[in-house]
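Quick note on UniProt numbering: the sequence shown kicks off at 1 and runs consecutively.
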Amino acid sequence: MLRTSSPSPQKKHAQPVTSDNLFGPPQVPQSAPSGIKRLRNTLSKLSPSAFAEKELLREKNRCKSPLTKRNVDNFVTEQECNEAYKPNLHSPQIQVTEWLQRVS
């Protein structure tokens, strides 16, 4: 059965949708919920630029760590692994060739 005498419940403080651009992006309130902020922060940390920044900071901070036997061993092992994967990366001939190509 249909009731026509009772009005549908509506919030009294609800405002009608008014926007200059109805087909544009939705308006985002300044105080976003904490879940959205956390998601935004997580995604920004996973971006390629954030990864590059972390790598750069890691390289900078490597010099600040104390030179213990364990740190030196780790550093030497890492250098050996890099040489095994990319043997010509730090070769003087490759660097000179790249420099000459850039100059010409």
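Beta carbons: idealized from backbone N, C-alpha and C, even for Gly.
CA-CA distance, leucine 39 to phenylalanine 51, rounds to 17 Å. The straight-line gap separating the alpha-carbon atoms of isoleucine 36 and lysine 54 is approximately 23 Å. C-alpha of leucine 67 to C-alpha of threonine 77: approximately 15 Å in a straight line. If you ignore the 5 residues before and after valine 103, its C-beta comes within less than 8 Å of no other C-beta in its own chain.
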